[in-house]
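Asks: Submitted below is the structure of interest, expressed as structure tokens.
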Amino acid sequence: MAVLFLLLAITLPWILEAVGEGFLITLASRICIYALAAMSLNLILGYGGMISFGHAAYFGVGAYVVGIFAQHGFEGSTVLGITPPNSMALTLPLSMLIAGIAAAILGALCLRTSGAYFIMITLAFAQMLFFLFVSLERYGGDDGIIMLGGRNTLGPLDTTSDTQFYFLCLGPLLAFIFINHRLVRSRFGQVLQACRQNEPRLAALGCNVNHYKLTAFTIAGAVAGLAGGLLANHAEYVSPDYVHWTKSGDLMIMVILGGLGIALGPVVGAAAFLLLEEFLPVFFESMGLPLLKEHWRIVFGPLLICIVLFARGGLLGTVQGRFAPKMPQEMKADEATP
Amino acid sequence: MTLFLEQILNGLQLGVFLFLIAAGLTLIFGIMGVINLAHGSLFMVGAYAAAVTTAYTGSFWLGLLAALVAAAITGMVMEIVVMRRLYHRDHLDQVLATFGLILFANEATTMAFGRTPLFMDVPGFLNGSVEIIPGVIYPVYRLVILAVGALVALALFLIIAKTRAGMLIRAGSTNRDMVAVLGLDIALMFTLLFGLGAVFAGLAGAMAAPLVSVEVGMGEQQLILAFVVVVIGGIGSVKGALVGALLVGLVDTLGRAFLPDLLRLFFDSATADGVGAGLSSMSIYILMALILVLRPAGLFPMAGQRH
Chain E
-9 MAVLFLLLAI
1 TLPWILEAVG
11 EGFLITLASR
21 ICIYALAAMS
31 LNLILGYGGM
41 ISFGHAAYFG
51 VGAYVVGIFA
61 QHGFEGSTVL
71 GITPPNSMAL
81 TLPLSMLIAG
91 IAAAILGALC
101 LRTSGAYFIM
111 ITLAFAQMLF
121 FLFVSLERYG
131 GDDGIIMLGG
141 RNTLGPLDTT
151 SDTQFYFLCL
161 GPLLAFIFIN
171 HRLVRSRFGQ
181 VLQACRQNEP
191 RLAALGCNVN
201 HYKLTAFTIA
211 GAVAGLAGGL
221 LANHAEYVSP
231 DYVHWTKSGD
241 LMIMVILGGL
251 GIALGPVVGA
261 AAFLLLEEFL
271 PVFFESMGLP
281 LLKEHWRIVF
291 GPLLICIVLF
301 ARGGLLGTVQ
311 GRFAPKMPQE
321 MKADEATP
Chain A
3 MTLFLEQILN
13 GLQLGVFLFL
23 IAAGLTLIFG
33 IMGVINLAHG
43 SLFMVGAYAA
53 AVTTAYTGSF
63 WLGLLAALVA
73 AAITGMVMEI
83 VVMRRLYHRD
93 HLDQVLATFG
103 LILFANEATT
113 MAFGRTPLFM
123 DVPGFLNGSV
133 EIIPGVIYPV
143 YRLVILAVGA
153 LVALALFLII
163 AKTRAGMLIR
173 AGSTNRDMVA
183 VLGLDIALMF
193 TLLFGLGAVF
203 AGLAGAMAAP
213 LVSVEVGMGE
223 QQLILAFVVV
233 VIGGIGSVKG
243 ALVGALLVGL
253 VDTLGRAFLP
263 DLLRLFFDSA
273 TADGVGAGLS
283 SMSIYILMAL
293 ILVLRPAGLF
303 PMAGQRH
């Protein structure tokens, strides 16, 4: 199964070429990028049980790092006294670093709370960054940054080639799938999952729960930042829209759609989400429903509600015939046992 | 000085809108334990109903009535069709399902009224300004909003403190199961309470309609501000919602009005404007962060709160 998936991912450009749909490779790149972002969210949401409704914030911070460098690079000016780098070997790690720092700071504040507070406060802080980016007149304000200098470079690779860029997105995704696999099986990952299942018990065992949660939150933020940096390069455009709260909602939907707390769930979810977004309008048009073509969300909204109400395990969970872990119910049941 | 007073009144007025939205949100959360993202959509429904009805009939009162009725019906239908199934689910399910509700509500509104914002005039009999103290002229309509806000807050406190319904609300927020065991129709109570929260949001929408452009997505901006209010005030506390709303309204308005000037004392004007714009749009979130550091459960935490 995993081998098949890998083979498909690697040969995808040639398959698409062969069926004459080569242009779809940019969609495939977007799927890889969002899959990476959704996987990072799954680490804290699915495994750690932290319902972060502001994950797009770190995604956006990563994108803005690339965008701001690109703007200064194009103008030939410096940022904070240094010449802006134009190699992905530098810009993307910086995206990760700065998004990680942002996640560490905001995460430390958010993790003072839990439950519904945590949802609201992560959302509110993401909105704070959204308004911060909107107010940055220097960097386009509402309109964002168009990267006039084009994509960042990377060694001998031709990043303007959509096929080569696809592999540039696939690489980090595969790497993170591997890291995620190792991470959730490590001691750290076990503690993280125990946090979701019964935090008080873990704390009683003498484990510094917040320390683990904050580490996971920071890792997730950094990886989301990497995805943001890639998306900025992919679109050659950055805007406050990347930080918009609906983006956080989209990422969350991808995680749930694929299957909460399942390693490859977010990948499947991101693919399903973006394919639906791309082809649902086309589908409605071919069905002779032009009104729904433009307003496909009116179907997507109720669809989402139904998935939440009736198919908790998501696509992958349902296929695998196993259901995603239920958070509070599980906790309540645990607490009820004397 | 006159500018300062004017800005304080503006801040209080934003506080009134936020209170009306946050009060419903916090009551619903406190009693039913459900987090409702689609609460902002009720604000939007109220604004649209008021704007459209007033445009057709020419009567502000009919518009207001339509807003309250439309919001109440939307709220109760929402409760019966979707929310009812979510009470025993975890917060994640509630967030996702109500996110789906927002997508549906926004798209349905776009289909019905298009993407062009609607505009509504301030009702004729409230159109005008008065001199509240010598030298300070303020629009009557905005003063009326302040008065309505104060009245609603007072009425809500009286209802909760003095009436049988309020007693049930208080009892429900402390121990929902016990109230059910004592023979109360909890399902009906929840539907009505949801309707009440919806009416508040609809009222805010109708009053805001003449002041802002009525457009799709207007509810979500208010909703996120209302979240900040609820986090500051403490989930489930109406008093917290009132204090939080006024605090957020004042900090946001005064920050936008005076922060750039204040910074100009320390920096050159270009830097001050840039930093001021950024800081003032972030001011309420910084306030929220500060309060959280000092009091993680908000200013007025609910007794026996479940996290």
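Residue numbers (my numbering), protein chains in the order written: chain E, -9 to 328; chain A, 3 to 309.
Cβ coordinates follow ideal geometry from the N, Cα and C atoms, glycine included.
Return the residues of the segment 78 to 105 of chain E that lie within a Cβ-Cβ distance of less than 7 Å from chain A, sorted by chain order.
Replies: Here the close residues are Leu99, Arg102, Thr103, Ser104 and Gly105.
Asks: If you measure from the beta carbon of His309 of chain A to each beta carbon in chain E, is any gap under 8 Å?
Replies: Taking the second sequence and counting its residues from 1, one reaches residue 309 of chain A at position 307. Any reading at His309 of chain A must be qualified, since the residue scores a pLDDT of 39, below 50, and its modelled position is unreliable; no value is offered.
Asks: May I ask you to verify whether the segment 35 to 54 of chain E touches the segment 184 to 199 of chain E, counting CB pairs closer than 8 Å and requiring at least 3?
Replies: Yes: at least three Cβ pairs fall under 8 Å.
Asks: Anything in the segment 191 to 208 of chain E with a Cβ closer than 7 Å to a Cβ of chain A? List those residues in chain order, please.
Replies: Answer set for the segment 191 to 208 of chain E: empty.
Asks: Using the Cα positions of Pro119 of chain A and Asn200 of chain E, report the straight-line distance between them to the nearest angstrom.
Replies: To locate residue 119 of chain A, count along the second sequence from 1; it is residue 117. To locate residue 200 of chain E, count along the first sequence from 1; it is residue 210. Answer to the nearest angstrom: the Cα atoms are 45 Å apart.
Asks: Counting only C-beta atoms, is His41 of chain A closer than 8 Å to chain E at any point?
Replies: Residue 41 of chain A sits at position 39 when you count from the first residue of the second sequence. So, not an interface residue.
Asks: Going by DSSP in three states, Leu281 of chain A sits in which element: helix, strand or coil?
Replies: By one-based count along the second sequence, residue 281 of chain A stands at place 279. Reduced to three states, the DSSP call for Leu281 of chain A is helix.
Asks: So for Thr1 of chain A, helix, strand or coil by DSSP?
Replies: The requested residue 1 of chain A is not part of the displayed model; chain A covers only 3 to 309.
Asks: Starting from the N-terminal side, write out each stretch of the alpha helix (DSSP H) that is 4 residues or longer and does not extend beyond the segment 16 to 90 of chain E.
Replies: List check, alpha helix (DSSP H) in window: 46 to 65.
Asks: Out of curiosity, what's the CA-to-CA distance linking Gly48 of chain A and Ala208 of chain A?
Replies: Residue 48 of chain A sits at position 46 when you count from the first residue of the second sequence. Residue 208 of chain A sits at position 206 when you count from the first residue of the second sequence. Approximately 5 Å between the Cα atoms of the pair.
Asks: Which value, in whole angstroms, describes the spacing of the CA atoms of Leu94 of chain A and Gly239 of chain E?
Replies: Sequence index remark: in the second sequence, residue 94 of chain A carries index 92 (1-based). Sequence index remark: in the first sequence, residue 239 of chain E carries index 249 (1-based). Their backbone Cα atoms lie some 11 Å apart in a straight line.
Asks: In three-state terms, what does DSSP make of Thr143 of chain E?
Replies: Translated into the one-based positions of the first sequence, residue 143 of chain E becomes position 153. Of the three classes helix, strand and coil, the one that applies to Thr143 of chain E here is strand, per DSSP.
Asks: Just curious, the beta strand (DSSP E) that Ile139 of chain A is in, first and last residue?
Replies: The residue you call residue 139 of chain A lines up with position 137 of the second sequence. Its beta strand (DSSP E) spans residues Val138 to Pro141.
Asks: Compare the C-beta of Val298 of chain E against all C-beta atoms of chain A and say whether one is closer than 8 Å.
Replies: The residue given as residue 298 of chain E occupies position 308 in the first sequence. So, interface residue.
Asks: Determine which residues of the segment 152 to 172 of chain E have a Cβ less than 9 Å from any Cβ of chain A, and write them out in chain order.
Replies: Answer in chain order: no residues at all.
Asks: Between the alpha carbons of Phe207 of chain E and Val245 of chain E, how many angstroms are there, rounded?
Replies: For the purposes of this step, residue 207 of chain E is identified with residue 217 of the first sequence, where counting begins at 1. For the purposes of this step, residue 245 of chain E is identified with residue 255 of the first sequence, where counting begins at 1. The straight-line gap from Cα to Cα measures roughly 16 Å.
Asks: Span of the alpha helix (DSSP H) holding Ser131 of chain A?
Replies: Reading the second sequence from its first residue, position 129 is the one you call residue 131 of chain A. Where Ser131 of chain A is concerned, there is no enclosing alpha helix (DSSP H), although the beta strand (DSSP E) it sits in stretches over Ser131 to Ile135.
Asks: Give me the Cα-Cα distance between Gly291 of chain E and Arg172 of chain A, rounded to the nearest whole angstrom.
Replies: Within the first sequence, residue 291 of chain E is the residue found at index 301, counting from 1. Within the second sequence, residue 172 of chain A is the residue found at index 170, counting from 1. Gly291 of chain E and Arg172 of chain A: Cα-Cα distance of roughly 34 Å.
Asks: Determine the contact status of His224 of chain E and Phe168 of chain E, defining contact as a CB-CB distance below 8 Å.
Replies: Within the first sequence, residue 224 of chain E is the residue found at index 234, counting from 1. Within the first sequence, residue 168 of chain E is the residue found at index 178, counting from 1. Not in contact: His224 of chain E and Phe168 of chain E (Cβ atoms no closer than 8 Å).
Asks: Kindly list, in the order they appear in chain C, the residues whose Cβ is closer than 8 Å to that of Leu249 of chain A.
Replies: The chain labelled as chain C is not found among the protein chains of the depicted structure, namely E and A.
Asks: Excluding five sequence neighbours on each side, which residues of the same chain lie with their C-beta closer than 6 Å to the C-beta of Phe46 of chain A?
Replies: Start at 1 with the first residue of the second sequence, and residue 46 of chain A comes out as number 44. As written in the sequence, residue 46 of chain A is Met, which differs from the Phe given in the question. Cβ neighbours of Met46 of chain A beyond the five flanking positions: Met220 and Gly221.
Asks: Express the C-alpha separation of Met3 of chain A and Phe268 of chain A in angstroms, rounding to a whole number.
Replies: Translated into positions along the second sequence, residue 268 of chain A becomes position 266. Translated into positions along the second sequence, residue 3 of chain A becomes position 1. Between Phe268 of chain A and Met3 of chain A, the C-alpha separation is close to 21 Å.
Asks: Suppose the cutoff is 6 Å on Cβ atoms and the five residues either side in sequence are ignored; what does the same chain contact list for Pro74 of chain E look like?
Replies: Within the first sequence, residue 74 of chain E is the residue found at index 84, counting from 1. Excluding positions up to five away in sequence, the list reads Phe59, His62 and Gly63.
Asks: Whole angstroms is fine: what's the gap from Glu7 of chain E's alpha carbon to Leu113 of chain E's?
Replies: By one-based count along the first sequence, residue 7 of chain E stands at place 17. By one-based count along the first sequence, residue 113 of chain E stands at place 123. Roughly 41 Å between the two C-alpha positions.
Asks: From what residue to what residue does the alpha helix (DSSP H) around Ala253 of chain E run?
Replies: Walking along the first sequence from the start, residue 253 of chain E turns up at place 263. Careful: Ala253 of chain E lies outside any alpha helix (DSSP H) and carries neither H nor E.
Asks: Which term fits Pro136 of chain A, buried or exposed, when burial requires 16 or more other beta carbons within 10 angstroms of its beta carbon?
Replies: Start at 1 with the first residue of the second sequence, and residue 136 of chain A comes out as number 134. The residue in question, Pro136 of chain A, is exposed, as its Cβ has fewer than 16 Cβ neighbours within 10 Å.
Asks: Rounding to the nearest angstrom, what Cα-Cα distance links Ile139 of chain A and Gln224 of chain A in this structure?
Replies: Within the second sequence, the letter at position 137 stands for residue 139 of chain A. Within the second sequence, the letter at position 222 stands for residue 224 of chain A. Roughly 27 Å between the two C-alpha positions.
Asks: Work out the CA separation of Ala89 of chain E and Ala261 of chain E for me, nearest whole Å.
Replies: For the purposes of this step, residue 261 of chain E is identified with residue 271 of the first sequence, where counting begins at 1. For the purposes of this step, residue 89 of chain E is identified with residue 99 of the first sequence, where counting begins at 1. Taking the straight line joining both Cα atoms gives about 24 Å.
Asks: What does Pro298 of chain A touch in chain E if you count any residue whose Cβ is under 7 Å from its own?
Replies: In the second sequence, counting from the first residue as 1, residue 298 of chain A sits at position 296. The answer, in chain order, is Arg102 and Thr103.
Asks: In three-state terms, what does DSSP make of Ile327 of chain A?
Replies: No answer is possible for residue 327 of chain A: the residues shown for chain A start at 3 and end at 309.
Asks: Using three-state DSSP, classify Arg312 of chain E as helix, strand or coil.
Replies: Translated into the one-based positions of the first sequence, residue 312 of chain E becomes position 322. Residue confidence for Arg312 of chain E is low, a pLDDT of 49 falling below 50, so the modelled location carries little weight; the figure read from the coordinates is stated next. DSSP places Arg312 of chain E in coil when its eight states are reduced to three.
Asks: Count the other CB atoms within 10 Å of the CB of Leu306 of chain E; is the residue buried (16 or more) or exposed (fewer)?
Replies: Looking up residue 306 of chain E in the first sequence gives position 316. Looking at its Cβ environment, which holds 16 or more other Cβ atoms inside 10 Å, Leu306 of chain E is buried.
Asks: Find out if the Cβ-Cβ distance for the pair Ile95 of chain E, Thr103 of chain E is shorter than 8 Å.
Replies: If you number the first sequence from 1, residue 95 of chain E lands on position 105. If you number the first sequence from 1, residue 103 of chain E lands on position 113. Cβ atoms of Ile95 of chain E and Thr103 of chain E: not closer than 8 Å.
Asks: Going residue by residue through the segment 32 to 71 of chain A, where are the continuous alpha helix (DSSP H) segments of at least 4 residues, counting only ones entirely within it?
Replies: Runs found: 41 to 59.
Asks: Exposed or buried, which one is Cys159 of chain E when buried takes at least 16 other CB atoms within 10 Å?
Replies: As a first step, residue 159 of chain E must be located in the first sequence, where it is residue number 169. Classification for Cys159 of chain E: buried.
Asks: Identify whether Val216 of chain A lies in helix, strand or coil by the three-state DSSP scheme.
Replies: Position 214 of the second sequence, counting from 1, holds the residue named residue 216 of chain A. Residue state, collapsed to three classes: strand.
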